[in-house]
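2 protein chains.
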Amino acid sequence: MGEFAKLPGIGRKTALRLVLHLLRQEREEALMLADAIRAVRTDIHYCRHCNNISDTDECEICSNPQRQHDTVCVVESIRDVMAIENTRQYQGVYHVLGGVISPMDGIGPDDLNIDRLEARVAAGGVKEVILALSTTMEGDTTNFYIYKRLAPYATPITTIARGVAVGDELEYADEVTLGRSLVNRIPFDRTL
Amino acid sequence: MGEFAKLPGIGRKTALRLVLHLLRQEREEALMLADAIRAVRTDIHYCRHCNNISDTDECEICSNPQRQHDTVCVVESIRDVMAIENTRQYQGVYHVLGGVISPMDGIGPDDLNIDRLEARVAAGGVKEVILALSTTMEGDTTNFYIYKRLAPYATPITTIARGVAVGDELEYADEVTLGRSLVNRIPFDRTL
Numbered sequence: 009m010g011e012f013a014k015l016p017g018i019g020r021k022t023a024l025r026l027v028l029h030l031l032r033q034e035r036e037e038a039l040m041l042a043d044a045i046r047a048v049r050t051d052i053h054y055c056r057h058c059n060n061i062s063d064t065d066e067c068e069i070c071s072n073p074q075r076q077h078d079t080v081c082v083v084e085s086i087r088d089v090m091a092i093e094n095t096r097q098y099q100g101v102y103h104v105l106g107g108v109i110s111p112m113d114g115i116g117p118d119d120l121n122i123d124r125l126e127a128r129v130a131a132g133g134v135k136e137v138i139l140a141l142s143t144t145m146e147g148d149t150t151n152f153y154i155y156k157r158l159a160p161y162a163t164p165i166t167t168i169a170r171g172v173a174v175g176d177e178l179e180y181a182d183e184v185t186l187g188r189s190l191v192n193r194i195p196f197d198r199t200l
Numbered sequence: 009m010g011e012f013a014k015l016p017g018i019g020r021k022t023a024l025r026l027v028l029h030l031l032r033q034e035r036e037e038a039l040m041l042a043d044a045i046r047a048v049r050t051d052i053h054y055c056r057h058c059n060n061i062s063d064t065d066e067c068e069i070c071s072n073p074q075r076q077h078d079t080v081c082v083v084e085s086i087r088d089v090m091a092i093e094n095t096r097q098y099q100g101v102y103h104v105l106g107g108v109i110s111p112m113d114g115i116g117p118d119d120l121n122i123d124r125l126e127a128r129v130a131a132g133g134v135k136e137v138i139l140a141l142s143t144t145m146e147g148d149t150t151n152f153y154i155y156k157r158l159a160p161y162a163t164p165i166t167t168i169a170r171g172v173a174v175g176d177e178l179e180y181a182d183e184v185t186l187g188r189s190l191v192n193r194i195p196f197d198r199t200l
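This is the structure in structure tokens:
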């Protein structure tokens, strides 16, 4: 019960309920859960190209010949890969940093997966690096750090558009976002 | 009291409180409020260029020689003009439609200020029309209608960028917005 209660969002009462549920269940089902949990830690690998989670040492996206391997989208975490995949708008590959530069939390550039990003770009064959980090102070710092690190390779570096969310009304947008929406406006026929 | 209670967000109890407040106040202060309310309806004009509210028949923005009069931002309402002005990122002028095309509410193109927009563009001297309407069904319809109406004049038509709001994290953005953010990405050095 103590082990369950260590999980996020599970307190002592929920932990007790889970344990009692396992006891009521068929022995096999409980063992299946145990095996699944073991497998998460023993069978899951990180992709050697992009650091995404994977069953093997190359993830499904990196091993897919249909994807554009010359376009690399830099994200903070695996959850961002999932969010972008859900849009079905992106055909390129990823590079998962594993966080952002955050001196407050003691996370410097060396703690992130930036060396391997540089190596990918240095190896050639990357036509565009898309920075898709959060626009927090830490995200902006990391963007700028990567921009500087990759500058010698003259690879085009882009960033995702910031603006008023689709469906949102202008008057409820914050000023910074609305300002960026205007400054980075695009030809209307590109949206058709 | 009944007149107060007709105002939005003011019920019978608040109306009574306001009336009692006016009775307790100096006679002059109450009359000042009455005059101010009268002035709203008698002294406020709509700008003959852009339909913005104004003290005279030309609003402060249209009469300002510092503004770029060849860039026209099309918005739904005066509140959107205020929202964009608050960003301090826009130097052009406006065109207030007074609504969006909405068949459900019986609002067609003729009910909006579109003829005068076309006349402004037809008169020449407009280098860019920026569509800044809400991305609702009605906003999109109105955008497309204006795009078609202005097509003969070959004036560049742009639209504000849609994307993840500044400060927001990717994983909490809706899929459509995140998708547009990616598709309409911009060179990173333009954000510096």
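Order-wise, the sequence lines are chains X and S. Add 8 to a position in the first sequence, counting from 1, and you land on the number used in our numbering. Add 8 to a position in the second sequence, counting from 1, and you land on the number used in our numbering. By construction, the Cβ of each residue, glycine as well, lies at the ideal position given by its N, Cα and C atoms. Since the model is a prediction, treat every value here as computed from it, not as a measurement.
Under 8 Å from the C-beta of residue i: neighbouring residues of chain X
i	result
F196 (chain S)	L139, N151, Y155, I165, T166, T167
D63 (chain S)	What D63 (chain S) touches in chain X: nothing, since even the nearest Cβ is about 23 Å away.
D182 (chain S)	A173, V174, G175
Per DSSP, cross-strand counterpart(s) of residue i
i	result
C81 (chain S)	S:Y102, S:I138
I61 (chain S)	S:Y54
Q76 (chain S)	S:G100
I45 (chain X)	None; I45 (chain X) has no bridge partner.
I165 (chain S)	S:V137
Of the listed residues the options, nearest to residue i (C-alpha basis)
i	options	result
I201 (chain X)	X:L141, X:K135, X:Y102, X:E136	Residue coverage of chain X in this structure runs from 9 to 200, which leaves residue 201 (chain X) outside it and unanswerable.
G175 (chain X)	S:E146, S:E179, S:F196, S:I138	S:E146
V82 (chain X)	X:T50, X:S62, X:R124	X:R124
T143 (chain S)	X:P164, X:V134, X:L178	X:L178
L28 (chain S)	S:G17, S:F12, S:Q99, S:I194	S:F12
I86 (chain S)	S:P73, S:G106, S:T95, S:N151	S:G106
I122 (chain S)	S:V101, S:A47, S:T150	S:T150
L158 (chain X)	X:R170, X:G132, X:R35, X:A173	X:G132
Y153 (chain X)	X:D113, X:P117, X:I194	X:P117
V80 (chain S)	S:L31, S:R198, S:L139	S:L139
M90 (chain S)	S:S62, S:I115, S:P73	S:S62
D182 (chain X)	S:T163, S:Y54, S:P160, S:N94	S:N94
D65 (chain S)	S:D51, S:Q76, S:Y161	S:D51
G171 (chain X)	X:V184, X:T22, X:D148	X:V184
A162 (chain S)	S:D148, S:V137, S:A169, S:I69	S:V137
Simplified DSSP state of residue i, which is helix, strand or coil
i	result
R170 (chain X)	strand
S71 (chain X)	coil
I18 (chain S)	coil
H53 (chain X)	strand
P195 (chain X)	strand
G187 (chain X)	helix
M40 (chain S)	helix
L200 (chain X)	coil
E11 (chain S)	helix
A181 (chain S)	coil
E66 (chain X)	coil
Residues that residue i contacts on chain S, provided the C-beta gap is smaller than 7 Å
i	result
Q97 (chain X)	G187, L190, V191
V172 (chain X)	I168, R170
V104 (chain X)	None at all; the shortest Cβ gap to chain S is about 12 Å.
Interface partners of residue i on chain X, CB under 7 Å
i	result
T144 (chain S)	G175
T199 (chain S)	T167
Amino acids of chain S, ordered along the chain, whose beta-carbon sits closer than 8 Å to that of residue i
i	result
D88 (chain X)	L178, E179
I92 (chain X)	L178, L186, L190
Interface flag, residue i vs chain A, CB-CB below 7 Å
i	result
T185 (chain X)	In the structure shown, chain A cannot be found, because the protein chains are X and S.
Which ranges does the beta strand (DSSP E) cover as unbroken runs of at least 3 residues, wholly within the segment 107-156 of chain X, from first to last along the chain?
136-139
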